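From first to last, the protein sequence lines are chains A and B.
Residue 120 in my numbering sits at position 120 of the first sequence, and the numbers go up by one each step.
Residue 608 in my numbering sits at position 318 of the second sequence, and the numbers go up by one each step.
Taking it in order: structure first as structure tokens, then the write-up.
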Amino acid sequence: MSELIQHLVNALILGGTYALLGIGLTLIFGIMNVVNFTHGVLYTVGAYVMYLAVAALGLNFFLAFPVAILGGLLLGAVIETVLLRPFRGSDIDTTMLVMIGAGIAMQSALLWIFGGVAKAIPSPFPETPLQIGPVSVSWLRLFVLGAALVLIGGTYALINRTRLGLAMRAAFQDADTAALMGVNTRWIDTATFAMGSSLAAAAGALLGPVYVVTPQMGGLAELKAFAIVILGGLGNVTGAAIGGFILAIAEELGAGYVSSGYRDAMGFLIIIAVLVYRPTGLFAKAERIG
Amino acid sequence: MTRLAPLALLAALAALPLGLGTDPYLLNALITTGILTIGAMSLNLLLGFTGQLSLGHVAFFGIGAYVSALASLGFEVEVGFGLRVVHEPWPAAVGLVLGTLAAGACGYLIGRLSFRVRGAYFVIVTISFAEVVRLVALNWVELTQGPLALTNIPAVTLGLPGLGYWTLKTKAQNYYLVLAVGTLCYLVIGRLVGSRFGRAMRGLKENESLAMSVGINATRTLTVAAVISAAMAGAAGGLYAHYLRIIDPDVFLFATTVTMVIMVVAGGKGTLMGPVVGGLIFGLLPVLLRPVMAPEAQWIVYGLILIAILFAMPKGIVPGLRALGARRRPASPVLEVNPAVQR
Numbered sequence: 001m002s003e004l005i006q007h008l009v010n011a012l013i014l015g016g017t018y019a020l021l022g023i024g025l026t027l028i029f030g031i032m033n034v035v036n037f038t039h040g041v042l043y044t045v046g047a048y049v050m051y052l053a054v055a056a057l058g059l060n061f062f063l064a065f066p067v068a069i070l071g072g073l074l075l076g077a078v079i080e081t082v083l084l085r086p087f088r089g090s091d092i093d094t095t096m097l098v099m100i101g102a103g104i105a106m107q108s109a110l111l112w113i114f115g116g117v118a119k120a121i122p123s124p125f126p127e128t129p130l131q132i133g134p135v136s137v138s139w140l141r142l143f144v145l146g147a148a149l150v151l152i153g154g155t156y157a158l159i160n161r162t163r164l165g166l167a168m169r170a171a172f173q174d175a176d177t178a179a180l181m182g183v184n185t186r187w188i189d190t191a192t193f194a195m196g197s198s199l200a201a202a203a204g205a206l207l208g209p210v211y212v213v214t215p216q217m218g219g220l221a222e223l224k225a226f227a228i229v230i231l232g233g234l235g236n237v238t239g240a241a242i243g244g245f246i247l248a249i250a251e252e253l254g255a256g257y258v259s260s261g262y263r264d265a266m267g268f269l270i271i272i273a274v275l276v277y278r279p280t281g282l283f284a285k286a287e288r289i290g
Numbered sequence: 291m292t293r294l295a296p297l298a299l300l301a302a303l304a305a306l307p308l309g310l311g312t313d314p315y316l317l318n319a320l321i322t323t324g325i326l327t328i329g330a331m332s333l334n335l336l337l338g339f340t341g342q343l344s345l346g347h348v349a350f351f352g353i354g355a356y357v358s359a360l361a362s363l364g365f366e367v368e369v370g371f372g373l374r375v376v377h378e379p380w381p382a383a384v385g386l387v388l389g390t391l392a393a394g395a396c397g398y399l400i401g402r403l404s405f406r407v408r409g410a411y412f413v414i415v416t417i418s419f420a421e422v423v424r425l426v427a428l429n430w431v432e433l434t435q436g437p438l439a440l441t442n443i444p445a446v447t448l449g450l451p452g453l454g455y456w457t458l459k460t461k462a463q464n465y466y467l468v469l470a471v472g473t474l475c476y477l478v479i480g481r482l483v484g485s486r487f488g489r490a491m492r493g494l495k496e497n498e499s500l501a502m503s504v505g506i507n508a509t510r511t512l513t514v515a516a517v518i519s520a521a522m523a524g525a526a527g528g529l530y531a532h533y534l535r536i537i538d539p540d541v542f543l544f545a546t547t548v549t550m551v552i553m554v555v556a557g558g559k560g561t562l563m564g565p566v567v568g569g570l571i572f573g574l575l576p577v578l579l580r581p582v583m584a585p586e587a588q589w590i591v592y593g594l595i596l597i598a599i600l601f602a603m604p605k606g607i608v609p610g611l612r613a614l615g616a617r618r619r620p621a622s623p624v625l626e627v628n629p630a631v632q633r
């Protein structure tokens, strides 16, 4: 029993970052109709910015985290303006291929710059974990969960309470009508992509210190983000948030009770189950942002 | 002229080893290029003619490689409940056929599953499928040797009873085998695309509702295309296994799929010659780039080339050249024909 509780606690902590990854991807898909194949690289970039700031520049851990988010935001804005804006109005396949090209180029650039050796990010938290009854949680992981929840809450507030969020929701429902009403949809696209990218970078910056940082770490993260987005329904933010936690629970229980080698196959099993039973995602009724 | 171009290319490719002599490095590059080009042609059947992008194409390639290798190596595994499956080695040619069939069967499953819905689902299902197959190859050590790789895979033996048998051990022999399979795939795709089935595929790509309204079964057509495409990729994988004679879970690397995608998009998706031209260019580009830059840097270049092609020549090289040729030939109709009557 205590083992099960431990697994569920681990899943809760992992689920927060998965939700961040999924929300970023689903926002970009929902508003821009772009399948973002740079999402995994942005996750990796977040982790490397964190590594550079903490290990190389000696910046405070808690200051380095917002720097990593900012890095993702800026890089996302650049990718959108340089690579996606010229393809506005192209079909989804063309932008997908552009993103694949950008993703593979950026990942190889990271490999070229940093080499394939895994890097560790030192964390300022005490080594001894927090012990609550039979369950033990490291302080670092608690911080990861807290930061993820704050960012998820912030994203919700931004979408539901600000003028930018209102414009994003309008653009999601009908971009043409929103443009007629005076919404600058180009700016909305840039803002959306930058925001989704910063969420991916934040997830990387949070999980980087938990595991290690490698140029290839984003590949798996991207597949998981896809699984989460399918689970929640393409373009559904709440679905992605819940989907992140469901995937984390499936992975933890699968690794704990079935086989740790197939931990990363759980996402695929979820995709299959969703496609067979609920092809539009678990939360299809609320297929809108917010 | 466009009819003769493929034949001329085939003749040139057939004569190539004679001119090159026996430079093993170049011949090796040509063989792997040929194998990847078959993969690219199979990908083009889906991406170019039905508009569905299979981003896990390397899964079918790898399944063909593993099934073919295991069938010809033999294995002994425990399948649970104390049951053991023992398989005696079969000839490599039989393995090739089995690998092709197994990959096709996987294409059927993936197609049936993901064509329930349109949109980005097929892309995502195929890419995750490739990851799962890689995990199986890595973790089912009893069957696949995991990261230790399957070694000593026998070379293909061809022949007919009474005529004698040849084991294809040299690079030149393998080159001609790959060329023969590639030509066969080209012809099959050519026949398929020109047939009623090919028109159904293109109809679905252009306008699905309209195609369905004239009685085309969308899910079935797409699934059949996925099966044929996956089977061809599996055949390419089988050739790869029996040529290299060693395979490990790295055959499932995403980069291989990206290579095939670049070949198709650069050459011209939806054309017969596109993947061949793109395949030759991008298969042999590493030979040119190798002395100049590191492999990581090469991949940066490939990514940028993919983006540049989408910017400058979104239809690809072959249609681009064709359009150029059409512009060069001014006022081609000697007789003034009413365009409505012309066709």
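For every residue, glycine included, the Cβ atom is placed at its ideal position computed from N, Cα and C.
Small disclaimer: the values here were computed from a predicted structure and weren't measured.
Query, Result
"Chain B residues whose Cβ lies nearer than 7 Å to that of L83 of chain A", "I597"
"Inter-residue CB distance, T434 of chain B and L440 of chain B (contact presumed, cutoff 8 Å)", "7 Å"
"Backbone CA spacing between I353 of chain B and L425 of chain B [nearest angstrom]", "12 Å"
"Option nearest A148 of chain A by Cα separation, candidates A:L21, A:S2 and A:R278", "A:L21"
"Same chain only: Cβ atoms within 6 Å of G389 of chain B, ignoring 5 sequence neighbours per side", "G354, V357, S358, G524 and G528"
"Proximity test, Cβ basis, 9 Å: P307 of chain B and chain A", "no"
"Rounded separation between F365 of chain B and M522 of chain B - CA only", "25 Å"
"Closest Cα partner of V212 of chain A within the set A:G101, A:I121 and A:A53", "A:I121"
"Three-pair Cβ contact test at 8 Å for the stretch 581 to 592 of chain B versus the stretch 494 to 513 of chain B", "no"
"Buried/exposed call for S332 of chain B, threshold 16 Cβ in 10 Å", "buried"
"Backbone CA spacing between P307 of chain B and K459 of chain B [nearest angstrom]", "15 Å"
"Contacts of F226 of chain A in chain B (Cβ-Cβ under 8 Å)", "I414, I417 and S418"
"Contact set between S404 of chain B and chain A, taken where Cβ atoms lie within less than 8 Å", "L275"
"Closer than 9 Å to chain B by CB, Y262 of chain A", "yes"
"F351 of chain B at chain A interface by Cβ criterion, 9 Å", "no"
"Those residues which DSSP pairs with H377 of chain B across a bridge", "B:F365"
"Same chain, Cβ closer than 6 Å to G103 of chain A, five either side skipped, listed in chain order", "F37, T38 and V41"
"Between the CA atoms of M563 of chain B and L614 of chain B - distance to the nearest angstrom", "16 Å"
"Cβ of I230 of chain A within 9 Å of any chain B Cβ", "yes"
"Short-range partners of chain A found in the stretch 570 to 590 of chain B, where Cβ spacing is below 9 Å", "A584, P585, E586, A587, Q588, W589 and I590"
"Interface residues of the stretch 378 to 392 of chain B facing chain A [CB-CB below 9 Å]", "none"
"Member of B:A298, B:T323 and B:L303 whose CA lies at the smallest distance from the CA of P576 of chain B", "B:T323"
"Proximity of P296 of chain B and V582 of chain B at Cβ, strictly below 9 Å", "no"
"Contacts of L282 of chain A in chain B (Cβ-Cβ under 9 Å)", "Chain B residues near L282 of chain A: none, gap ~14 Å exceeds 9 Å."
"is_contact[T94 of chain A, chain B] using C-beta, thresh 9 Å", "yes"
"R278 of chain A beta carbon less than 9 Å from that of R186 of chain A", "no"
"Among A:L234, A:S259 and A:G261, nearest to T330 of chain A - alpha-carbon criterion", "There is no way to answer for residue 330 of chain A, as the model of chain A reaches only from 1 to 290."
"Span separating the alpha-carbon of T547 of chain B from that of V348 of chain B", "5 Å"
"Residue(s) in a DSSP beta bridge with I537 of chain B", "B:L440"
"Within chain A, partners of F544 of chain B - CB distance below 8 Å", "G219"
"Beta-carbon contacts of I100 of chain A that lie in its chain and below 7 Å, excluding the five residues immediately before and after", "F37"
"Proximal chain E residues relative to V98 of chain A, where beta-carbon distance stays under 9 Å", "Among the protein chains in the structure shown, which are A and B, there is no chain E."
"DSSP beta-bridge partners of K119 of chain A", "A:V213"
"Anticipated Cβ contact below 8 Å, L596 of chain B with L97 of chain A, distance rounded", "7 Å"
"Any C-beta of chain A under 9 Å from that of G341 of chain B", "yes"
"Exposure of R486 of chain B, with buried meaning 16 or more beta-carbon neighbours within 10 Å", "exposed"
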